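So the sequence lines, in the order shown, correspond to chains A and B. Counting in our numbering, the first sequence runs from -8 upward without gaps. Counting in our numbering, the second sequence runs from -8 upward without gaps. To start, the structure under review is shown below, and the notes come after it.
2 protein chains.
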Amino acid sequence: MRIGELAARAGTSVKTIRYYDRVGVLRPAERGASGYRLYGEDALERYRFVRAAQAVGLRLGEIREVIALRDRGETPCGFVVDLIGRRAAELDARIAELQALRDELRRLDRRARRLDPRRCDPGLVCHVIDAGT
Amino acid sequence: MRIGELAARAGTSVKTIRYYDRVGVLRPAERGASGYRLYGEDALERYRFVRAAQAVGLRLGEIREVIALRDRGETPCGFVVDLIGRRAAELDARIAELQALRDELRRLDRRARRLDPRRCDPGLVCHVIDAGT
DNA sequence: CTTGACTCTCCCCTACGGGGGAGGTCTTAG
DNA sequence: CTAAGACCTCCCCCGTAGGGGAGAGTCAAG
């Protein structure tokens, strides 16, 4: 099938399919004489895999590596578990960071309620933030 | 003082100070005859405010608005509290999202341990991810 | 044979906060 | 006076996953 049909059946845009070709996660089976990308039925399944992998936080570059392993006949499971572990660690760090920021905002908000806006120091931009430094 | 001295005293780069001028959060007091940016002592304090505001998640565009309010003689406290509230809500949503993803990764990891790599379906790219769809 | 839908490549654009470097001017110490 | 170092503007670059549109070739139906 051609790119338009694949995109329609996959429920995505032609641009996205072309982009996936470019980054190497979804290559067409072949190119027609006119240069058109031609895909087999398996392209649909492959597309769904890419989406599922993206949904669990893998980047297209990583997904490409997973697919390359598979195409070389190896089982990418170990590699995938590794990736997932690393992503989980990054995620934990990121969540902790955001939590800390969230706590800081809560603190600022409580302080803002205690401060009197009329007693704002004119030399500062805003005592809500300035004093919290 | 000129831009190099301000950057050194603030512990940042000249590029950053120029960028802050461009986006309007830290304007020089004046320009010398040669076009050089000239800053007063207060620039250092203003710089610190910008950093503090960035640290609590405000974007430069928002910081510029806060400063503009202040420069118009108004107290930006209410606006700042508003901004902080909105940022907190965004943060909550983002944290929940990342938590959900983290839980999904945990689930995948547990499943990967139960699956036998040797019984990977050759028709799929990776059963760890595929089956989780 | 023509027309309209489809496809191709190529290039610029998004958010965000700057970094790198070119090419030209200014200042200041020796 | 001259040379180094500081400064100026302007333009392109990073990451991520595409979106928008130009200009040109291709395919199918009427």
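Using N, Cα and C, we set each Cβ at its ideal position, and we do this for glycine too. Since we're looking at a predicted model, the values are computed, not measured.
- LEU29 of chain A is bridged by DSSP to A:ARG(-7), A:GLU21.
- If the five residues before and after ALA34 of chain B are omitted, its C-beta is found closer than 6 angstroms to the C-beta atoms of LEU(-3), all from its own chain and listed in chain order.
- For THR7 of chain B, the three-state secondary structure derived from DSSP is helix.
- In this structure, the beta-carbon distance from ILE54 of chain A to VAL71 of chain A does not fall below 7 angstroms.
- For GLY2 of chain B, no Cβ of chain A is located within less than 7 angstroms of the residue's own Cβ.
- Look at ASP107 of chain B here: in three-state DSSP terms it is coil, with no helix or strand label.
- Residues of the region 73 to 97 of chain A with a C-beta atom less than 9 angstroms from some C-beta of chain B are ILE75, GLY76, ARG78, ALA79, LEU82, ASP83, ARG85, ILE86, LEU89, GLN90, LEU92, ARG93, GLU95, LEU96, ARG97, listed in chain order.
- Under the three-pair Cβ rule at 8 angstroms, the region 57 to 68 of chain A counts as touching the region 110 to 118 of chain B.
- Membership of ARG61 of chain B in the alpha helix (DSSP H) is indicated by the continuous run 51 to 62.
- In this structure, the straight-line span from the alpha carbon of VAL16 of chain A to that of ARG78 of chain A is close to 19 angstroms.
- In this structure the region 88 to 101 of chain A does not touch the region 5 to 16 of chain B; the number of beta carbon pairs closer than 8 angstroms is below three.
- Between LEU74 of chain B and the set B:ALA44, B:THR7, B:GLY(-5), B:MET(-8), the nearest pair of CA atoms involves B:ALA44.
- By the CB criterion at 7 angstroms, GLU95 of chain A and VAL47 of chain B fall inside the cutoff.
- Separation of the CB atoms of LEU29 of chain A and ARG(-7) of chain A is rounded to 7 angstroms, and the pair is thereby assigned contact status at 8 angstroms.
- Using beta-carbon distances, ALA20 of chain A does not count as an interface residue toward chain B, since no partner is under 7 angstroms.
- Annotation: Cβ neighbours of ARG61 of chain A in chain B (cutoff 8 angstroms, chain order): VAL116, CYS117.
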